[in-house]
Amino acid sequence: GLRITATPMGGFPTPQLGQSTWRNVSQVLKEKWPQKEGAKAWVRTYRAKYETNAQGTLAKLKEAITKIIGDSDAENLVVSTPTAAAELVEHLPPPWHFLISGVPPEAIKRLVRQQVCSSPEISCFFIPFEQPLPTYALTLENFSFPDSDTTNRTIAEIVKETIRSNPDVLQFIHDNIPIPDAEAAIRTIKSVRVSSLNIAHSKSNKETVWNVYFDSPPNFSLKQYFDWTSLLRDFFYISEDYGYGTARQDAQFTCVGCKSFDHPTGLCPFPKIPGWFGPSTAEETNATLDNRTMSHHGRGMQNNGRGGRGMTRGHSRGATRGKG
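This is the structure in structure tokens:
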């Protein structure tokens, strides 16, 4: 049988992928893999890195998948190994995603529903072949607010107000969604959620930053979503009493464990899940002295490290007076 970590109350956190599953996949596979018949899904390991020889990883993935979906559904299971387009100079570079095919659509649905599998042999994530958009948009810093749930709600209102007062952001939604929908921007703005993250630069130097999520993002492609969120990074988010927040620009968070771009490795929620089999991120801990972030963050996830797309702050002062 398969011993795996039980799904926690409220479900597993959803890793916020800041790049395409196709990033750095060789051209030949980019052409061939979409043509594979039948239902497909992606799988990547925890602390994934590109391996020129992935024999060991592949065997463990196949075994875990077979145990989840059952021998009969796994009879024609194919787990395809990615090959890299180029050698990237970064920590644990992609491609990381293996492609699952050759199994009934129901089995693919089951894996995607399972979402996370952590066993003594391997820990991995299943994601739909059509990669879902992240809900994470940006991280705000420089506010002098105290860290509390009330602050999270107040900042969410400031974000909504700022977006509403910037017609370009709303126009971008209406210009880029595939089917005209007068309510699209309203729904997106309504779905803003903020969660705090405590970053420890040193024992005495701690900083609270705030992650902004859209729980109902517009119906965009991944590229459109990143273009749209980069517009949001240009604004000042102004509070009457606690200064103004700006989007964190210097280094996008990158978790080497779950590959999310909304928290540093040391704040990865997965190793903190009861019964998580590993691997742990202890050896790379960008640890925080205060992990209360976990109680704030709900289903989205928070990310530090190098990498991410380069960004520059524009001169927009598209900020209105916020509440609080």
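All residue numbers for the sequence shown refer to the working numbering, where the first residue is 1116 and numbers rise by one.
Don't be surprised by glycine CBs; every beta carbon is placed ideally from N, CA and C.
Distance check for THR1323 and PRO1220, CA to CA, integer angstroms please.
If you number the sequence shown from 1, residue 1220 lands on position 105. If you number the sequence shown from 1, residue 1323 lands on position 208. Spanning the two alpha carbons is a distance of roughly 44 angstroms.
Let me make sure I understand the geometry here. Which of ASP1262, GLU1256, ALA1179 and TRP1211 has the alpha-carbon closest to that of ALA1200?
To locate residue 1200, count along the sequence shown from 1; it is residue 85. Residue TRP1211 holds the alpha-carbon nearest to the alpha-carbon of ALA1200 among ASP1262, GLU1256, ALA1179 and TRP1211.
Going by the beta-carbon positions, is the gap between SER1238 and THR1160 smaller than 8 angstroms?
Residue mapping note: residue 1238 aligns to position 123 of the sequence shown, counting from 1. Residue mapping note: residue 1160 aligns to position 45 of the sequence shown, counting from 1. Cβ atoms of SER1238 and THR1160: closer than 8 angstroms.
Which listed residue (LEU1214, GLY1153, VAL1143 and GLU1202) has its alpha carbon closest to that of ILE1180:
As a working note, residue 1180 is residue 65 in the sequence shown. Answer by Cα proximity: LEU1214.
Does DSSP classify PHE1240 as helix, strand or coil?
Stepping through the sequence shown from its first residue, residue 1240 is reached at position 125. PHE1240: strand per DSSP, three-state reduction.
Alpha-carbon to alpha-carbon, GLY1126 and GLN1230
By 1-based counting over the sequence shown, the position of residue 1230 is 115. By 1-based counting over the sequence shown, the position of residue 1126 is 11. Answer to the nearest angstrom: the Cα atoms are 9 angstroms apart.
Residues bridged to GLY1360 [DSSP beta-bridge criterion]:
Within the sequence shown, residue 1360 is the residue found at index 245, counting from 1. TYR1352.
Secondary structure, alpha helix (DSSP H): runs of 4+ residues fully inside the segment 1300 to 1351
As for any alpha helix (DSSP H) of minimum length 4 sitting wholly inside the segment 1300 to 1351, the runs are 1337 to 1347, ordered along the chain.
Apart from the five residues on each side of it in sequence, which residues of its chain come closer than 6 angstroms, Cβ to Cβ, to LEU1207?
Taking the first residue of the sequence shown as position 1, residue 1207 is located at position 92. Answer for LEU1207: LYS1164 and VAL1371, listed in chain order.
Buried or exposed for GLY1360, please, with buried defined as at least 16 other CB atoms from any protein chain shown within 10 angstroms of its CB.
What you label residue 1360 is simply residue 245 of the sequence shown in a count that begins at 1. Classification of GLY1360: buried, given that the 10 Å Cβ count is 16 or more.
Looking only at its chain, what residues have a beta carbon closer than 8 angstroms to the beta carbon of PRO1243, apart from the 5 residues adjacent to it on each side?
Mapped onto the sequence shown, residue 1243 falls at position 128. Closer than 8 angstroms at the Cβ level, and outside the excluded window around PRO1243, lie ALA1156, TRP1157 and VAL1227.
Which class does GLU1256 belong to by DSSP, given the choice of helix, strand or coil?
Taking the first residue of the sequence shown as 1, we reach residue 1256 at position 141. Strand.
Let's test the definition: count the other Cβ atoms within 10 Å of the Cβ of HIS1378 and tell me whether it reaches 16, buried, or not, exposed.
As a first step, residue 1378 is located in the sequence shown; it is residue number 263 there, counting from the start. The residue in question, HIS1378, is buried, as its Cβ has 16 or more Cβ neighbours within 10 Å.
Can you give me the C-alpha to C-alpha distance between GLN1364 and PRO1249, rounded to a whole angstrom?
For the purposes of this step, residue 1364 is identified with residue 249 of the sequence shown, where counting begins at 1. For the purposes of this step, residue 1249 is identified with residue 134 of the sequence shown, where counting begins at 1. Rounded to whole angstroms, GLN1364 to PRO1249 spans 18 angstroms at the Cα level.
Using a Cβ-Cβ cut-off of 7 angstroms (strictly less than) and excluding sequence neighbours within five positions of PHE1392, which residues of its own chain qualify?
Within the sequence shown, residue 1392 is the residue found at index 277, counting from 1. Hits under 7 angstroms: THR1120, SER1233, SER1234, PRO1235 and SER1238.
First and last residue of the beta strand (DSSP E) that includes ALA1174?
Here the question's residue 1174 lines up with position 59 in the sequence shown. Unbroken run through ALA1174 is the alpha helix (DSSP H), 1170 to 1184; no beta strand (DSSP E).
Provide the residue span of the alpha helix (DSSP H) that contains PHE1287, from first to last.
In the sequence shown, the residue the question calls residue 1287 occupies position 172. First-last of the alpha helix (DSSP H) with PHE1287: 1282 to 1291.
Any idea if ASP1349 is buried or exposed, counting beta-carbon neighbours within 10 angstroms, 16 or more meaning buried?
Start at 1 with the first residue of the sequence shown, and residue 1349 comes out as number 234. By the neighbour-count rule (16 or more Cβ atoms within 10 Å), ASP1349 is buried.
Measuring only from the beta carbon, is ALA1362 closer than 7 angstroms to any heavy atom that is part of the ligand GTP?
With respect to small molecules bound, the structure shown includes none, and the ligand GTP cannot be examined in it.
Coarse secondary structure for ARG1159, derived from DSSP in three states:
Reading the sequence shown from its first residue, position 44 is the one you call residue 1159. Looking at ARG1159 - three-state DSSP - the assignment turns out to be strand.
Let me know if ALA1297 comes out buried or exposed under the rule of 16 or more other beta-carbons within 10 Å of its beta-carbon.
The residue labelled residue 1297 in the question sits at position 182 within the sequence shown. Counting Cβ neighbours within 10 Å, ALA1297 comes out exposed, since fewer than 16 surround it.
First and last residue of the beta strand (DSSP E) that includes LEU1214?
Within the sequence shown, residue 1214 is the residue found at index 99, counting from 1. From DSSP, the beta strand (DSSP E) with LEU1214 extends over 1213 to 1216.
Through-space distance from LEU1192 to LEU1176, alpha-carbon basis:
As a first step, residue 1176 must be located in the sequence shown, where it is residue number 61. As a first step, residue 1192 must be located in the sequence shown, where it is residue number 77. Taking the straight line from one Cα to the other gives about 11 angstroms.
Leaving out five residues before and five after SER1141 in sequence, what residues of the same chain have Cβ atoms less than 6 angstroms from its Cβ?
Sequence index remark: in the sequence shown, residue 1141 carries index 26 (1-based). These residues qualify, in order along the chain: THR1198 and ALA1200.
Indicate the three-state DSSP secondary structure (helix, strand or coil) for VAL1231 in the structure shown.
The count along the sequence shown starts at 1 and reaches residue 1231 at position 116. Reduced to three states, the DSSP call for VAL1231 is strand.
So, are the CB atoms of PRO1130 and LYS1374 less than 8 angstroms apart?
Here residue 1130 corresponds to residue number 15 of the sequence shown, with the count starting at 1. Here residue 1374 corresponds to residue number 259 of the sequence shown, with the count starting at 1. Taking a C-beta distance under 8 angstroms as the contact criterion, PRO1130 and LYS1374 qualify as a contact pair.
What is the rounded straight-line gap between the Cα of ILE1183 and the Cα of GLY1390?
Counted from its first residue, the sequence shown places residue 1183 at position 68. Counted from its first residue, the sequence shown places residue 1390 at position 275. Cα to Cα, the separation comes out at about 18 angstroms.
Helix, strand or coil: which one does DSSP assign to ALA1297?
One-based indexing of the sequence shown puts residue 1297 at position 182. Residue state, collapsed to three classes: coil.
Under three-state DSSP, which class holds MET1124?
Mapped onto the sequence shown, residue 1124 falls at position 9. DSSP places MET1124 in coil when its eight states are reduced to three.
Cα separation between VAL1307 and ASN1326?
Taking the first residue of the sequence shown as position 1, residue 1307 is located at position 192. Taking the first residue of the sequence shown as position 1, residue 1326 is located at position 211. Cα to Cα, VAL1307 sits roughly 10 angstroms from ASN1326.
Distance check for ILE1273 and MET1124, CA to CA, integer angstroms please.
Within the sequence shown, the letter at position 9 stands for residue 1124. Within the sequence shown, the letter at position 158 stands for residue 1273. When rounded, the distance between both Cα atoms is 31 angstroms.
Cβ-based neighbour list, ALA1189, same chain, cut-off 7 angstroms, excluding 5 preceding and 5 following
Reading the sequence shown from its first residue, position 74 is the one you call residue 1189. ILE1180, THR1181 and VAL1218, listed in sequence order.
Compute the Euclidean distance between the alpha carbons of LEU1132 and TYR1340, then round it to the nearest angstrom.
Locating residue 1132 in the sequence shown gives position 17, counting from the first residue. Locating residue 1340 in the sequence shown gives position 225, counting from the first residue. Rounded to the nearest angstrom, the two C-alpha atoms are 12 angstroms apart.
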